Structure formats: structure tokens, C-alpha cells
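Read the structure below first, then the notes.
Number of protein chains: 2
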Amino acid sequence: MQYSAINFSEKLSKFSEHWSPKVIAQMNDYQLKLAKFQGEFVWHDHPDTDEVFIVIEGCLDIEFRDGKVSLAEGEMYVVPKGVEHKPVAYQECKVLLVEPRGVVNTGEADSSLKAENDVWI
Amino acid sequence: MQYSAINFSEKLSKFSEHWSPKVIAQMNDYQLKLAKFQGEFVWHDHPDTDEVFIVIEGCLDIEFRDGKVSLAEGEMYVVPKGVEHKPVAYQECKVLLVEPRGVVNTGEADSSLKAENDVWI
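Residue numbers (my numbering), protein chains in the order written: chain A, 184 to 304; chain Y, 184 to 304.
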């Protein structure tokens, strides 16, 4: 049988919009999503789940109410559930997210940046 | 407050043994683990969970009973639960694993390659 690798670069070439995570794989009830970030996102939290950010290319700041973490390529961070955060990318940044299926990118925040969920590429 | 990135290279410099995944982060009940693979692992499966392999550096084959998938840097694969597989790395390969806390690397196989579980670096 033919098995195919999931290639990040190939998947990233399939979309250009920012702040709109695309699902590339599912493991149990969790999904792996690629996203392109640029500019400032909205303050939000996810009350029911932690969220993994892995930087594939570029740099990402995740701001918290009392500090921030700066991530470069090959670095990651786990934002704990319920913790308010705001991703900021001064240049375009490509990110791999890991989180349960069904998580909305803006959490419970009311924002125009809310993306359609569960979109596979 | 001071927040620190988790850096794959820095974590990978902390161990050298093969086939011995080290936990670098936890998200809900799931763990992210770094491992160095070289040579052939044992045939095994994980009856209760899917397993994510993300290649950080090098190349990895995952053999199945009826085929294989070849992964290079920047590629990933999800091995479905219950599917027998055998990772093979002809040169040393550095891999990020995502799986539920408590998963044993050799599944239910009886092997000298069984690693201590839940070891953080």
C-alpha cells in the first residue's frame, strides 16, 4: 500500500490568509493545524484546553497579561488553559498548532478574526 | 513574569541515547517528546492511541506490514492506533512525538528497546 508523508511546506503553499488555521492531521481527538500569523491577534483564552504553538518559520511573540514569550523557528510553547494570551508576529510567521478538535481560534472573544473551524487542506 | 521558549536544539543536546523519548512539554493529557532514532526499532503497535511522528532532522522510514512511509525534515505522519509499525533510521534522525501521557515506546512488544517512560528533560 502507498503511504504519504504530510509535508509542512507543501501544505503551507496551499493557503495565504493570516490567522486561519488549517487542519493537516488528526490524532485521536486532537488536530494538528498549520497557520500563518502576521500582525496582532486578539486577546483571548481557551477555557477548556491547553494549546501548543510550534514555530515552523519566522518569529512569534505570545503576550500574556504579565509578560510574554518570544519564539523562533524550532521553538515551542504550551499556553495553559484559561490563560489570556495574544499572539503577535511582526513579520509573517508559520506555526504548527496542536489542540483538541473543535477549538475556535479566538476562544470566546468576539472578534472579526474568528476563523472557520475544522478546515482541512 | 518570565516565560521561556522550549527550544528543540537545546533539548536535543541534553541526551544522546537512541530510542529513548524524552518529554519536553505536556498539553492536557498529551505529551510532546523528543527522540533520537538510529537503526531498526521493533515491530509494535499501540492498541489505544494514534501516534504522531514529526521529523526535526534527518530521515525516518516507518514500515508497515504492507508498505512504508518515508519522512524527511519538515514532514510528519500519524500512525493509527492498533497498526503495527517499525521505525527505521539509516542515519541518526531526530523526531518529535505527540501522544498521550503514559504511552510506552515499544507498545506491548517484549523488547530490550523498551524505554523508561515519562522522563522529562
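For each residue, glycine too, the CB sits at the ideal point set by N, CA and C.
Quantities reported herein were computed from a predicted structural model and do not represent experimental measurements.
- Contact annotation: in the region 214-231 of chain A, residues whose CB is within less than 8 Å of a CB in chain Y are 215.
- Between the C-alpha atoms of residue 245(A) and residue 270(A) there is a straight-line separation of about 4 Å.
- Per DSSP, residue 220(Y) is one residue of the beta strand (DSSP E) stretching across 213-223.
- Residue pairing of residue 243(A) in beta bridges, as defined by DSSP: 254(A).
- In the structure shown, residue 195(A) adopts helical secondary structure according to DSSP, grouped into three states.
- The three-state secondary structure of residue 263(Y), taken from DSSP, is coil.
- Per DSSP, the beta-bridge partners of residue 282(Y) are 214(Y).
- When DSSP states are grouped into helix, strand and coil, residue 234(Y) belongs to the strand group.
- Between the region 278-286 of chain A and the region 222-233 of chain A, the count of Cβ pairs shorter than 8 Å is three or higher; the stretches touch.
- Going by beta carbons, residue 235(A) and residue 281(A) fall inside the 8 Å limit.
- Counting only Cβ-Cβ distances below 7 Å, residue 189(A) has contacts in chain Y at 258, 259, 260, in chain order.
- Contact between the region 217-225 of chain Y and the region 262-276 of chain Y is present: 3 or more CB-CB pairs across the two stretches fall below 8 Å.
- Residues of the region 194-205 of chain Y whose Cβ lies closer than 7 Å to any Cβ of chain A: none.
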